[in-house]
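If you're matching positions, the sequence shown starts at 105 in our numbering and goes up one per residue. Structure first, then comments.
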Amino acid sequence: MNYTEETALFACAGDTLLGILAKPETPADTGVIVIVGGPQYRAGSHRQFVLLARALAAAGTPVLRFDYRGMGDSAGELHTFENVNEDIACAISALQVAAPSVQNVVLWGLCDAASAALLYCHATQDARVKGLCLLNPWVRSEASLAKTQVKHYYTQRLRQKEFWIKLFSGKVAASAASGLARNIKTAFANAAAKPTGGDSQPYQTRMAQAWMQFKGPMLLVLSSNDYTAKEFTEYVTSNHAWQNITEAANVQRRDIAQADHTFSSARDRATVEALTLDWLNAHHRS
């Protein structure tokens with residue numbers, strides 16, 4: 105299907121935000137908002153979001169990718185992923201103004217943008233949001249990072265013959281050994297995540313609550329060769345607030361073998377585009 109790309113300027117809390125709208129000749133009634141993780145701007149790593157938006161628009165779905173306040177070409181002070189609810193709300197409204205056929209919206213986000221999508225749903229329960237596409241969601245805390253490093257990095261190193269040769273020959277730096285000890289201590293300290301962003305609950309807890317409350321279809325995509333994805337998997341299997349919710353009936357999970365954090369290869373990028381298109385066709389085509 106033919107589509108056009110046009111600049112979208114819209115207001116948010118007194119600042120002007122800039123986005124790019126990929127608009128099909130005959131837009132569907134469901135549009136996609138690409139939330140951009142930080143520090144990033146609307147093109148994405150290796151033009152990932154540009155290519156995704158064009159692929160979806162060619163299939164009939166209007167897509168708006170935009171810069172948060174303080175990022176890219178948008179005005180205002182920089183906001184973290186925990187504080188972009190106004191930005192997302194204004195982007196949804198801007199999409200509906202530019203493409204009046206859009207009644208329903210899907211939020212698509214990678215890394216902390218996936219987290220921002222869940223935090224937005226938790227804070228607003230915006231009825232316009234009918235679906236979520238979440239890729240390698242960010243749940244980072246000091247303890248979760250340490251646990252992931254111990255399990256997926258240090259355990260692998262301890263199995264390597266050359267590591268022990270270096271250790272007994274004195275070629276393993278003291279800082280490396282102390283780093284391992286520190287990570288083990290942190291990983292198993294069982295410390296609760298601290299509240300951030302001015303909220304009384306840790307952001308990971310708010311993400312879990314949004315996940316449980318959201319009744320629309322969700323697409324979860326995880327990279328097998330990515331510490332953020334591994335950290336997410338570890339977190340949801342060990343944290344009480346998250347247990348079993350990724351296996352809910354409305355969640356479709358897809359793991360991409362050997363993919364890195366941003367799906368940077370042409371093969372993995374195409375796989376993400378195909379998964380997103382298939383999911384949209386299955387759940388959001390009238």
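Glycine residues also receive a C-beta, built at the ideal position from the N, C-alpha and C atoms. Treat the numbers as computed from the prediction; the structure is a model and nothing was measured.
Short Cβ contact (7 Å threshold) for residue i with residue j
{"i": "L214", "j": "G141", "result": "yes"}
{"i": "G153", "j": "R173", "result": "Note that residue 153 is Phe in the sequence shown here, rather than Gly. Taking 7 Å as the Cβ cut-off, F153 and R173 do not qualify as a contacting pair."}
{"i": "A353", "j": "A312", "result": "no"}
{"i": "H150", "j": "S368", "result": "yes"}
{"i": "S178", "j": "L121", "result": "yes"}
{"i": "Y145", "j": "M105", "result": "no"}
{"i": "C225", "j": "F114", "result": "no"}
{"i": "L222", "j": "A314", "result": "yes"}
{"i": "G164", "j": "A132", "result": "yes"}
{"i": "E186", "j": "Y339", "result": "no"}
N- and C-terminal bounds of the beta strand (DSSP E) containing residue i
{"i": "F336", "result": "Looking at the DSSP string, F336 is not in any beta strand (DSSP E); the run it does join, the alpha helix (DSSP H), is 331-342."}
{"i": "C237", "result": "233-239"}
{"i": "Q356", "result": "355-360"}
{"i": "V167", "result": "167-170"}
{"i": "A126", "result": "119-128"}
{"i": "I139", "result": "134-139"}
For residue j and residue i, believed in contact at Cβ under 8 Å, the rounded distance
{"i": "T134", "j": "V210", "result": "6 Å"}
{"i": "P128", "j": "A159", "result": "Incorrect: roughly 11 Å between the Cβ atoms, too far for contact."}
{"i": "A220", "j": "V243", "result": "With 8 Å as the limit, A220 and V243 do not qualify as a contact, their Cβ atoms being about 13 Å apart."}
{"i": "A378", "j": "D372", "result": "Between D372 and A378 the Cβ distance is about 11 Å, and since that is not below 8 Å, they are no contact."}
{"i": "L238", "j": "F318", "result": "With a Cβ gap of about 10 Å, L238 and F318 do not count as contacting."}
{"i": "T337", "j": "H365", "result": "Actually they do not touch by this definition, with Cβ atoms about 14 Å apart."}
Residue i beta carbon near the ligand HEM (any heavy atom closer than 6 Å)
{"i": "F336", "result": "For the structure depicted, the ligand HEM is absent and the ligand set is empty, with no information on it obtainable."}
Spatial distance of residue i from residue j (CA atoms)
{"i": "L384", "j": "E190", "result": "25 Å"}
{"i": "A112", "j": "N240", "result": "28 Å"}
{"i": "L125", "j": "S197", "result": "13 Å"}
{"i": "V138", "j": "H388", "result": "16 Å"}
{"i": "R310", "j": "V136", "result": "23 Å"}
{"i": "T380", "j": "M322", "result": "11 Å"}
{"i": "Q229", "j": "A361", "result": "34 Å"}
{"i": "D382", "j": "S245", "result": "33 Å"}
{"i": "K334", "j": "T341", "result": "11 Å"}
{"i": "E351", "j": "L324", "result": "10 Å"}
{"i": "S328", "j": "N343", "result": "21 Å"}
{"i": "Q305", "j": "A217", "result": "19 Å"}
{"i": "Y167", "j": "Q347", "result": "The amino acid occupying residue 167 in the given sequence is Val; Tyr does not appear at that position. Rounded to the nearest angstrom, the two C-alpha atoms are 33 Å apart."}
{"i": "L326", "j": "G118", "result": "37 Å"}
{"i": "W212", "j": "V233", "result": "11 Å"}
{"i": "R358", "j": "D330", "result": "14 Å"}
{"i": "V355", "j": "S273", "result": "50 Å"}
{"i": "I349", "j": "Q200", "result": "31 Å"}
{"i": "A374", "j": "A386", "result": "18 Å"}
{"i": "V376", "j": "A147", "result": "16 Å"}
{"i": "P143", "j": "L155", "result": "19 Å"}
{"i": "T130", "j": "E110", "result": "15 Å"}
{"i": "D171", "j": "A370", "result": "24 Å"}
{"i": "Q207", "j": "A227", "result": "21 Å"}
{"i": "L284", "j": "M316", "result": "The predicted model places L284 with a pLDDT of 48, which falls under 50 and marks its position as unreliable; any figure quoted below should be read in that light. C-alpha separation (whole angstroms): 35 Å."}
{"i": "I192", "j": "A203", "result": "16 Å"}
{"i": "G123", "j": "A231", "result": "22 Å"}
Host alpha helix (DSSP H) of residue i (start-end)
{"i": "F153", "result": "152-162"}
{"i": "V201", "result": "189-202"}
{"i": "Y224", "result": "216-228"}
{"i": "T111", "result": "From DSSP, T111 is part of no alpha helix (DSSP H) but of the beta strand (DSSP E) over 107-116."}
{"i": "V376", "result": "370-387"}
{"i": "M322", "result": "Taken as a continuous stretch (DSSP letters only), M322 belongs to no alpha helix (DSSP H), being part of the beta strand (DSSP E) at 322-327."}
{"i": "T309", "result": "307-317"}
Chain D contact for residue i (CB, 7 Å cutoff)
{"i": "H226", "result": "Note that chain D does not occur in the displayed structure, where there is just one protein chain."}
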